[in-house]
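Counted from 1, the sequence shown has number 872 at position 23 by this note's numbering; the numbering is strictly sequential.
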Amino acid sequence: QQLNDGRSDAAIGPLERAVAIDPTNVQGYYYLSVLHFERGSFAQAIAFANRAVVLANTGDATWSGRTYQLQGTIYEKVGRYPDARAAYERAVARDPGNSGARAGLYRLGGDREDAAAP
């Protein structure tokens, strides 16, 4: 609710408690990653996104695609273009309707191995 209300600072504590109580809480790790990304704490954002990807990979395809898309977005922001491309490709493989991941692939030159990064 705090995230929906735009109170991201207040949301971090409850999300950290949620993943401490349930270390398999995909949504908790996902939203912690989002919060750290928004704050510019990219190392933390990557760590939480990586955990969310691992947990979501065997679950719902849409949620799994969403976690891979987030991972790709963070990697793209920090200039890790091959990692971003791979994450976006995994997002589309899990959820072909993931328009955000498709847009990321387009920005990075699709799935061509030799595509030049921006």
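Ideal Cβ placement from N, Cα and C applies to all residues, glycine included.
In this text the structure is predicted, and so the values were computed from the model without any measurement.
- The beta-carbon separation of residue 918 and residue 949, rounded to 5 Å, stays under the 8 Å limit for a contact.
- Per DSSP, reduced to three states, the secondary structure at residue 945 is coil, with no helix or strand assignment.
- Per DSSP, reduced to three states, the secondary structure at residue 858 is helical.
- Closest in alpha carbon position to residue 884, among 940, 954, 897, is 897.
- One Cα belongs to residue 956, the other to residue 927, and the distance between them is close to 15 Å.
- For residue 944, the CB contacts under 6 Å within the same chain, skipping 5 residues up- and downstream, are 910, 911, 914 in chain order.
- Contact between residue 947 and residue 936 is ruled out by a C-beta separation of about 11 Å, above the 8 Å threshold.
- Its chain contains 957 as the residues whose beta carbon lies nearer than 6 Å to that of residue 934, once the 5 sequence neighbours on both sides are disregarded; these appear in chain order.
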